[in-house]
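Peer 1:
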Amino acid sequence: MPPKRPERKGITRVRLGEINGLPNQRRAAFAALALAPVGAAFRRFADTRRRLDAEVERLYDLSPDMIATVGFDGYFKRLNPAWEHVLGYPRAALLARPFIELVHPTDQEATRCEAARLAGASGDTVSFLNRYRSADGSYRWLQWNAHPDTEQGLFYAMARDVTIHKHAEEALEQQAELREQRITLGTRELDEAQRETLRRLALAAEYRDDETHEHTTRVGAAAALLARELGEADDFVRRIREAAPLHDVGKLGVSDTILLKPGRLTQDELVLMRTHTEIGVRILSGSDSPVLKLAEEIALTHHERWDGTGYPAGLAGERIPLSGRIVALADVFDALTHARPYKEAWTVDDAMREIRGSSGTHFDPQVVKAFERLHPASVLALA
Ligand SMILES: [Fe+2]
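Position 376, counted from 1, in the sequence shown is what my numbering calls 375; the numbers after and before it change by one each time, with no gaps.
#1: Let's see if you can read the secondary structure: which residues bound the beta strand (DSSP E) around LYS76?
#2: Just to confirm my understanding: we take LEU218, look at its own chain, exclude 5 residues before and 5 after, and list those with CB closer than 8 Å. What are they?
#3: If VAL412 and ASP160 are in contact, beta carbons under 8 Å, what's the gap, nearest whole angstrom?
#4: Does ILE319 come out as helix, strand or coil in the three-state DSSP assignment?
#5: I want to check one thing, is the minimum distance from the CB of ASP247 to the heavy atoms of ligand 1 below 7 Å?
#6: Can HIS301 and GLY323 be called in contact, C-beta distance under 8 Å?
#7: Counting only runs of 3+ residues fully inside the segment 88-135, write out the beta strand (DSSP E) ranges in chain order.
#8: Go ahead and label THR183 buried or exposed: buried means 16 or more other beta carbons lie within 10 angstroms of its beta carbon, across all protein chains shown.
#9: Around the Cβ of ARG304, are there at least 16 other Cβ atoms within 10 angstroms (buried) or fewer (exposed)?
#10: Does the beta carbon of ARG237 come closer than 8 Å to any beta carbon on chain C?
#11: In its own chain, which residues sit with a C-beta less than 8 Å from the C-beta of THR110, not counting the 5 before and 5 after it?
#12: In the DSSP assignment, the alpha helix (DSSP H) including ARG139 goes from what residue to what residue?
#13: Check for me: the alpha helix (DSSP H) holding VAL280 runs from which residue to which?
#14: Counting beta carbon pairs with one atom in the segment 149-156 and one in the segment 61-72, are three or more of them shorter than 8 Å?
#15: Could you check where the beta strand (DSSP E) with GLU154 kicks off and where it finishes?
#16: Counting only runs of 4+ residues fully inside the segment 337-362, write out the alpha helix (DSSP H) ranges in chain order.
#17: For VAL248 versus ALA204, is the C-beta spacing smaller than 8 Å?
#18: Does at least one heavy atom of ligand 1 sit under 7 Å from the Cβ of HIS275?
#19: When you compare only the Cα positions, how much space is there between GLU213 and GLU179?
#20: What does a CB cutoff of less than 8 Å around LEU229 pick up in its chain, not counting 5 residues either side in sequence?
#21: Provide the residue span of the beta strand (DSSP E) that contains VAL69, from first to last.
#22: Going by the beta-carbon positions, is the gap between LEU224 and LEU335 smaller than 8 Å?
#23: With 16 other CB atoms within 10 Å as the buried threshold, where does ALA134 fall?
#24: Can you tell me whether DSSP reads HIS374 as helix, strand or coil?
#25: If you run the structure through DSSP and keep just helix, strand and coil, what is VAL331?
#26: Are PRO97 and GLY73 touching if we call contact CB-CB under 8 Å?
#27: Going straight from the alpha carbon of ILE10 to that of ALA39, what length do you get?
#28: Return the CA-CA distance between TYR138 and ASN79, expressed in angstroms with no decimal places.
#29: Using 10 angstroms around the beta-carbon of TYR206, count the other beta-carbons present and answer buried if the total reaches 16, otherwise exposed.
#30: Could you check what DSSP says for ASP233 in three-state terms: helix, strand or coil?
#31: Just to confirm my understanding: we take ALA344, look at its own chain, exclude 5 residues before and 5 after, and list those with CB closer than 7 Å. What are they?
#32: Assign PRO261 to buried or exposed, taking buried as 16 or more other Cβ atoms, counted over all protein chains shown, within 10 Å of its Cβ.
#33: How should GLU172 be labelled, buried or exposed, when 16 other C-beta atoms within 10 angstroms of its C-beta is the threshold for buried?
#34: Quick check on PRO289: does DSSP put it in helix, strand or coil?
#35: Does HIS246 come out as helix, strand or coil in the three-state DSSP assignment?
#36: Is HIS301 near ligand 1, going by C-beta to nearest heavy atom under 7 Å?
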């Protein structure tokens with residue numbers, strides 16, 4: 000015989016057979032007694048559920064974010080009050096029309112695509128941004144997070160009004176764009192200012208001994224043509240056009256008595272005159288500007304000769320930088336074909352005869368050939 004289980008205090012254990020043997024009234028009383036804990040649990044569950052529903056409902060009503068249940072048919076099914084606050088329409092009006100009608104025309108296609116993607120998605124939450132027309136006709140930027148319920152044919156969506164952020168973002172982008180434009184403009188102005196300064200420096204150098212002040216500009220233009228004819232890169236052509244006019248900038252350091260002397264210079268005067276190459280280097284050196292570096296090279300070497308008898312270093316052949324060999328020819332051609340206080344202007348033919356005769360002695364033969372290909376008369380017309 001199994002041991003008798005001790006009865007717990009307050010609980011009456013009743014076997015089914017015992018209940019069946021009782022009269023109906025007693026049986027009902029026993030059943031009610033037995034089911035009482037289940038009923039209490041159910042009531043507690045129902046109370047909790049009601050409380051939770053009320054809380055959710057309150058949060059739904061109070062949320063500043065716009066909460067919507069949207070049908071796959073394109074109509075809102077349920078909206079919280081935030082929709083009225085943000086867009087200014089009564090909720091009934093919003094529920095009565097397809098939501099796409101409120102979307103900005105530019106954003107409609109993208110919104111349709113997002114909705115289609117969402118309807119076909121396997122439970123993914125989709126985020127996107129679009130503009131909704133409010134009752135006053137303006138558009139509000141809405142940031143959406145939406146989740147599909149394909150069984151119910153519904154989207155559960157939450158939209159946040161990010162118009163202020165979007166406008167701030169656009170203002171910042173515009174500001175950055177404006178800053179970029181100002182920098183570009185400033186750089187362009189700076190480049191132009193630098194070119195202008197170089198032009199004025201070249202003008203200052205020739206101011207005393209060239210009444211027309213056009214010699215330096217012509218030498219720059221002829222040097223650029225020669226550089227291009229010799230196959231040099233565009234960047235070098237541009238730089239030599241700007242640098243070559245400064246070839247005689249060192250004349251700023253030569254006294255008027257020598258520079259403006261009408262007759263031939265004595266040997267001592269010639270030595271002083273020749274210092275303009277090194278004075279030019281002192282004026283132009285130490286710059287990071289590629290144009291000024293080239294100008295320094297030209298100032299130093301434009302009186303070197305191909306056969307090594309030039310000055311100041313007596314360099315020969317290709318030891319003379321190409322820029323110096325080019326400007327040497329451009330400078331002499333321009334000096335010969337224009338009048339000076341001590342001489343008449345030569346004809347182009349005479350000047351070319353002189354230059355051709357100095358090919359291989361004074362001038363680089365390749366530079367002379369390139370110059371002939373350019374038709375010197377047209378170079379003269381540069382002025
Ligand atoms: Fe010179």
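Ideal Cβ positions, reconstructed from N, Cα and C, are used throughout, including at glycine.
Peer 2: Considering the structure as presented:
#1: As a first step, residue 76 must be located in the sequence shown, where it is residue number 77. 75-78 is the extent of the beta strand (DSSP E) around LYS76.
#2: Residue 218 sits at position 219 when you count from the first residue of the sequence shown. Here residue 218 turns out to be Val, not Leu, going by the sequence shown. Its chain contains ALA243, PRO244, HIS246, VAL326, ALA329, ASP330 and ASP333 as the residues whose beta carbon lies nearer than 8 Å to that of VAL218, once the 5 sequence neighbours on both sides are disregarded; these appear in chain order.
#3: The structure shown does not extend to residue 412, since the chain is modelled only from 0 to 382, so the question has no answer here.
#4: Here residue 319 corresponds to residue number 320 of the sequence shown, with the count starting at 1. It is coil, neither helix nor strand.
#5: Against the sequence shown, residue 247 aligns to sequence position 248. Distances taken from the Cβ of ASP247 to the heavy atoms of ligand 1 include one shorter than 7 Å.
#6: Within the sequence shown, the letter at position 302 stands for residue 301. Within the sequence shown, the letter at position 324 stands for residue 323. Result yes, Cβ atoms of HIS301 and GLY323 sit closer than 8 Å.
#7: Taking only runs of at least 3 residues, the beta strand (DSSP E) segments lying wholly in the segment 88-135 are 125-132.
#8: Reading the sequence shown from its first residue, position 184 is the one you call residue 183. By the Cβ-count criterion, THR183 is exposed, with fewer than 16 other Cβ atoms from all chains shown falling within 10 Å of its own Cβ.
#9: On the sequence shown, position 305 is the one that residue 304 refers to. So ARG304 ends up on the buried side.
#10: Here chain C cannot be found, since the structure has a single protein chain.
#11: Your numbering for residue 110 matches position 111 in the sequence shown. Result list for THR110: ILE99, VAL102, PHE127 and ASN129, in chain order.
#12: Taking the sequence shown and counting its residues from 1, the one referred to as residue 139 is at position 140. Annotation for ARG139: no alpha helix (DSSP H) segment contains it, though the beta strand (DSSP E) segment containing it runs 138-148.
#13: As a first step, residue 280 is located in the sequence shown; it is residue number 281 there, counting from the start. Run containing VAL280: 275-283, per the alpha helix (DSSP H) assignment.
#14: Under the Cβ criterion (8 Å, minimum of three pairs), the segment 61-72 counts as touching the segment 149-156.
#15: In the sequence shown, the residue the question calls residue 154 occupies position 155. Checking the sequence, you will find Phe at residue 154 rather than Glu. Its beta strand (DSSP E) spans residues 153-160.
#16: Counting only runs of 4 or more, we get 347-356.
#17: Reading the sequence shown from its first residue, position 249 is the one you call residue 248. Reading the sequence shown from its first residue, position 205 is the one you call residue 204. When the beta-carbon positions are compared, VAL248 and ALA204 come within less than 8 Å of each other.
#18: In the sequence shown, residue 275 corresponds to position 276, counting from 1. Ligand 1 approaches HIS275 closely enough that one of its heavy atoms is under 7 Å from the residue's Cβ.
#19: On the sequence shown, position 214 is the one that residue 213 refers to. On the sequence shown, position 180 is the one that residue 179 refers to. GLU213 and GLU179: Cα-Cα distance of roughly 38 Å.
#20: Position 230 of the sequence shown, counted from the start, is the residue given in the question as residue 229. Excluding residues up to 5 positions away in sequence, LEU321, ILE325, GLN365, VAL366 and ALA369 lie with their Cβ nearer than 8 Å to the Cβ of LEU229 in the same chain.
#21: If you number the sequence shown from 1, residue 69 lands on position 70. Note, VAL69: beta strand (DSSP E), 65-70.
#22: Stepping through the sequence shown from its first residue, residue 224 is reached at position 225. Stepping through the sequence shown from its first residue, residue 335 is reached at position 336. No, Cβ-Cβ distance for LEU224 and LEU335 is not below 8 Å.
#23: Here the question's residue 134 lines up with position 135 in the sequence shown. Residue burial is scored here from C-beta neighbours: ALA134 has fewer than 16 other C-beta atoms within 10 angstroms and is therefore classed as exposed.
#24: As a position in the sequence shown, residue 374 is number 375, starting the count at 1. Per DSSP, reduced to three states, the secondary structure at HIS374 is coil, with no helix or strand assignment.
#25: To locate residue 331, count along the sequence shown from 1; it is residue 332. Helix, per DSSP.
#26: Here residue 97 is taken as the residue at index 98 of the sequence shown, counted from 1. Here residue 73 is taken as the residue at index 74 of the sequence shown, counted from 1. For PRO97 and GLY73, yes; Cβs fall inside 8 Å.
#27: In the sequence shown, counting from the first residue as 1, residue 10 sits at position 11. In the sequence shown, counting from the first residue as 1, residue 39 sits at position 40. Here ILE10 scores only 48 on pLDDT, less than 50, and its place in the model should not be relied on; the value that follows carries that caveat. In this structure, the CA atom of ILE10 is about 17 Å from the CA atom of ALA39.
#28: Here residue 138 refers to the residue found at position 139 of the sequence shown. Here residue 79 refers to the residue found at position 80 of the sequence shown. So the two alpha carbons sit approximately 19 Å from each other.
#29: As a first step, residue 206 must be located in the sequence shown, where it is residue number 207. Classification of TYR206: exposed, given that the 10 Å Cβ count is below 16.
#30: For the purposes of this step, residue 233 is taken as residue 234 along the sequence shown, with counting starting at 1. ASP233 sits in a helix when the DSSP states are folded into three classes.
#31: As a working mapping, residue 344 is identified with position 345 in the sequence shown. The residues are THR336, HIS337 and ALA338.
#32: Here residue 261 is taken as the residue at index 262 of the sequence shown, counted from 1. Around the beta carbon of PRO261, fewer than 16 other beta carbons sit within 10 angstroms, so the residue counts as exposed.
#33: The residue given as residue 172 occupies position 173 in the sequence shown. That one is exposed.
#34: Here residue 289 corresponds to residue number 290 of the sequence shown, with the count starting at 1. For PRO289, the three-state secondary structure derived from DSSP is helix.
#35: For this step, residue 246 is matched to residue 247 along the sequence shown. Under the three-state reduction of DSSP output, HIS246 falls in the coil class, being neither helix nor strand.
#36: Walking along the sequence shown from the start, residue 301 turns up at place 302. Yes, Cβ of HIS301 sits closer than 7 Å to a heavy atom of ligand 1.
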